[in-house]
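Here the structure is laid out as structure tokens; the discussion comes afterwards.
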Amino acid sequence: MQKSAYTNARIFTADRHAPWAEAVITQGNKILFRGSDADAGNLVDKETSIIDLHGKFVMPGIIDSHVHLVWGGSMLLQLDLSEAASKDDFIQRIRTYAATNNNPWVLGGRWNEQNWQHKELPAKQWIDELLPDTPLLLHRMDYHTALANSCALQMAGITSATPDPQNGSIEKDENGLPTGILRDDAILLVANHIPPVDSASLTASILETQKELRRYGITSVHDISLPEQIPVMKKLEEEGKLGCRVFARLPIDTLESYISGSNALPATTDKIKCGSFKVFADGSLGSSTAYFFDDYTDSPGNHGIPMDILTSGELLKLAKAANAAGMQLSIHAIGDRVNAELIDLFEEVLKDDLNQCRHRIEHVQHIRKSDITRLGKIGLLASVQPHHLFHDGPWMEKRLGGKRLNEAYTFRSLLDAGVKVCFGSDFPIVTCNPFAGIETAVIRKVNNNAGTVITPQEKITVEEALLAYTIDAAYAEFSEKEKGSLAPGKLADFLILDKNPFKIPADELHTIKVEQVIFDGSQAVNV
307 MQKSAYTNAR
317 IFTADRHAPW
327 AEAVITQGNK
337 ILFRGSDADA
347 GNLVDKETSI
357 IDLHGKFVMP
367 GIIDSHVHLV
377 WGGSMLLQLD
387 LSEAASKDDF
397 IQRIRTYAAT
407 NNNPWVLGGR
417 WNEQNWQHKE
427 LPAKQWIDEL
437 LPDTPLLLHR
447 MDYHTALANS
457 CALQMAGITS
467 ATPDPQNGSI
477 EKDENGLPTG
487 ILRDDAILLV
497 ANHIPPVDSA
507 SLTASILETQ
517 KELRRYGITS
527 VHDISLPEQI
537 PVMKKLEEEG
547 KLGCRVFARL
557 PIDTLESYIS
567 GSNALPATTD
577 KIKCGSFKVF
587 ADGSLGSSTA
597 YFFDDYTDSP
607 GNHGIPMDIL
617 TSGELLKLAK
627 AANAAGMQLS
637 IHAIGDRVNA
647 ELIDLFEEVL
657 KDDLNQCRHR
667 IEHVQHIRKS
677 DITRLGKIGL
687 LASVQPHHLF
697 HDGPWMEKRL
707 GGKRLNEAYT
717 FRSLLDAGVK
727 VCFGSDFPIV
737 TCNPFAGIET
747 AVIRKVNNNA
757 GTVITPQEKI
767 TVEEALLAYT
777 IDAAYAEFSE
787 KEKGSLAPGK
797 LADFLILDKN
807 PFKIPADELH
817 TIKVEQVIFD
827 GSQAVNV
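Reading the sequence shown from the start, the letters are residues 307 to 833 in our numbering.
So this is what it looks like as structure tokens:
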């Protein structure tokens with residue numbers, strides 16, 4: 307097999323025992339050697355391809371611990387309202403898109419009213435005249451709120467008499483009429499009428515997301531997957547078109563069928579592994595549905611929506627079954643109360659087994675300090691998305707008050723408590739640029755003109771952030787022996803950057819460009 311020697315580099319290996327090297331030699335899709343240039347020379351022969359990197363920074367491929375492969379690509383291919391800056395801009399972008407849209411539905415979204423001067427939620431009246439006969443469903447950036455027009459509401463049979471579903475709410479005006487705003491599972495009342503997506507559309511969405519992943523040096527993802535998406539991924543792999551490794555987390559409602567054997571868990575391939583089950587335990591902060599002990603400061607009487615799977619006791623039963631079967635759970639939890647209740651639950655489930663299934667909480671966004679200590683003691687993993695702080699920061703205090711601000715995005719406290727932390731983006735909710743996420747974790751500056759820094763005591767170092775995007779993310783998917791650091795015998799997935807993240811000002815980290823991605827060893831791709 308062809309050997310390639312990458313020499314004269316500044317290599318961050320993400321191996322805590324030997325974090326730096328000068329050279330890496332690959333053979334096939336594996337790393338043969340990492341170490342000094344001098345020692346590398348002993349393994350170079352006339353058949354070896356030598357690449358002098360002239361001091362460039364090299365690091366393992368990024369592992370994004372929270373991505374939506376299909377949804378991300380579909381949002382890129384649909385109406386994108388992430389840059390809408392006002393009500394008028396929001397309406398105009400829909401008008402422009404509708405003029406050329408030939409699909410039976412108008413779908414997409416990523417809007418965020420908190421970016422507007424007048425922070426009002428959109429309403430169906432804004433767009434009913436534009437689309438009187440075409441159903442529309444546009445998700446907010448957090449995916450826990452959506453806007454439907456009257457046509458879509460009528461199709462779903464939603465009227466003033468429609469009660470809130472479990473785990474969701476239908477917003478109504480002072481006359482009791484639906485405004486078009488739906489939260490959490492109420493969105494499904496409309497979404498269930500959208501025509502099923504065919505394999506061609508699934509393929510197009512995955513390929514579109516892959517372009518973004520490759521641009522930012524992401525070689526592995528922990529995806530939120532549906533069972534019907536796995537064959538599409540496998541076909542792409544067979545055709546040599548799957549440009550990242552996928553750790554698939556399947557819906558919790560499929561767990562019992564796999565445990566009982568009535569369904570076979572999709573087989574692992576070279577690049578795809580199914581190894582976790584996703585659960586929603588509450589909503590989101592942006593939609594005021596994350597579950598807190600105290601009311602929202604700007605919404606008295608509202609402390610969020612805990613999901614029925616948690617409050618009914620069903621999650622406890624499933625967690626015990628998953629743990630006994632050796633299957634990991636990935637549980638969405640934003641508010642401080644839902645995080646506390648999940649820790650209570652896992653204290654009962656895990657007892658003394660130290661979390662051998664590596665159960666993980668996704669987001670751990672707001673958590674009391676006493677619960678961080680408990681989290682560390684039972685060994686639950688924290689899968690967090692640092693760049694959400696950048697977007698939440700400007701309005702978070704208004705929603706939660708100053709006291710709870712100190713319990714938001716507590717990266718330093720989590721690490722100090724011995725919690726294994728892995729980083730991700732939650733793409734497409736925010737950019738999948740890992741260097742933007744690292745910058746936010748390191749300086750905690752938020753998205754406003756004042757450059758406000760939120761709770762600086764929770765800052766972490768560049769090295770800690772890189773580890774959370776590499777070896778610790780590999781650990782969260784049981785793959786730390788195969789990838790996540792640059793060491794002999796591991797997969798040859800690594801990046802060449804245009805800047806050294808340890809040498810540039812922290813507020814420039816988001817500007818780092820990936821010059822080259824080496825994926826699966828022999829596949830060197832210019833970005």
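The C-beta atom is built at its ideal place from N, Cα and C for all residues, glycine as well.
{"Asked": "Whether L483 touches N455 by CB criterion (8 Å)", "Found": "no"}
{"Asked": "At least three beta-carbon pairs within less than 8 Å, the segment 352-372 to the segment 776-788", "Found": "yes"}
{"Asked": "W432, enclosing alpha helix (DSSP H) - first and last residue", "Found": "Neither: W432 is in no alpha helix (DSSP H) and is coded neither H nor E."}
{"Asked": "CB of L797 within 8 Å of CB of I317, strictly", "Found": "no"}
{"Asked": "Residues bridged to Q333 [DSSP beta-bridge criterion]", "Found": "K309, K336"}
{"Asked": "Contact belief for T451 with V412 at Cβ below 8 Å, rounded distance in angstroms", "Found": "Not really, about 17 Å apart at Cβ, beyond 8 Å."}
{"Asked": "F318 - partner residues in DSSP beta bridges", "Found": "W326"}
{"Asked": "Inter-residue spacing [alpha-carbon to alpha-carbon] between G682 and F598", "Found": "21 Å"}
{"Asked": "Chain-order list of residues whose beta-carbon lies under 6 Å from that of N418 (same chain, five-residue window excluded)", "Found": "M447"}
{"Asked": "Rounded C-alpha distance that separates E545 from M539", "Found": "10 Å"}
{"Asked": "Range of the contiguous alpha helix (DSSP H) that encloses I493", "Found": "493-497"}
{"Asked": "S636: first and last residue of the uninterrupted beta strand (DSSP E) it sits in", "Found": "634-639"}
{"Asked": "Distance CB(V823)-CB(L803) smaller than 8 Å", "Found": "no"}
{"Asked": "Inside the segment 452-502 only - beta strand (DSSP E) runs reaching at least 3 residues", "Found": "474-478, 484-490"}
{"Asked": "Limits of the unbroken beta strand (DSSP E) element including Q398", "Found": "Where Q398 is concerned, there is no enclosing beta strand (DSSP E), although the alpha helix (DSSP H) it sits in stretches over 393-406."}
{"Asked": "Environment of G414 [buried if 16+ CB atoms lie within 10 Å]", "Found": "buried"}
{"Asked": "Unbroken beta strand (DSSP E) run spanning D677, endpoints", "Found": "Premise fails: D677 lies in the alpha helix (DSSP H), 675-684, not in any beta strand (DSSP E)."}
{"Asked": "Boundaries (first-last residue) of the beta strand (DSSP E) holding K579", "Found": "578-586"}
{"Asked": "Between the CA atoms of A573 and Y403 - distance to the nearest angstrom", "Found": "41 Å"}
{"Asked": "Start and end residues, alpha helix (DSSP H) containing A506", "Found": "505-521"}
{"Asked": "Cβ neighbour criterion (16 or more within 10 Å) applied to R750", "Found": "buried"}
{"Asked": "C-beta contact flag for L815 and V752 at 8 Å", "Found": "no"}
{"Asked": "Cβ pair G668, S719 closer than 8 Å", "Found": "One point to set straight first is that residue 668 is Glu, not Gly, in the sequence displayed. For E668 and S719, no; Cβs fall outside 8 Å."}
{"Asked": "Rounded separation between Y602 and G610 - CA only", "Found": "8 Å"}
{"Asked": "Beta-carbon proximity check, P692 vs V644, cutoff 8 Å", "Found": "no"}
{"Asked": "Cα-Cα separation between D479 and F396, rounded to whole angstroms", "Found": "21 Å"}
{"Asked": "Residue from P501, Y775, G827 with nearest C-alpha to G795", "Found": "G827"}
{"Asked": "Classification of M702 by the beta-carbon crowding that lies within 10 angstroms, buried from 16 upward", "Found": "buried"}
{"Asked": "Nearest to A570 (by Cα), restricted to the options P533, E647, L621, L387", "Found": "P533"}
{"Asked": "Chain-order list of residues whose beta-carbon lies under 8 Å from that of L627 (same chain, five-residue window excluded)", "Found": "The sequence given here has Ala at residue 627, not Leu. Cβ within range, chain order: L561, E562, I565."}
{"Asked": "Cβ-Cβ separation, R555 to I530 (assumed contact under 8 Å), whole Å", "Found": "5 Å"}
{"Asked": "Which of helix, strand or coil DSSP assigns to Y602", "Found": "strand"}
{"Asked": "Residue environment, Q516, which counts as buried when at least 16 other CB atoms sit within 10 Å", "Found": "buried"}
{"Asked": "Through-space distance from I487 to N421, alpha-carbon basis", "Found": "18 Å"}
{"Asked": "Through-space distance from L648 to T746, alpha-carbon basis", "Found": "27 Å"}
{"Asked": "Under 8 Å between C-beta atoms of A774 and C728", "Found": "yes"}
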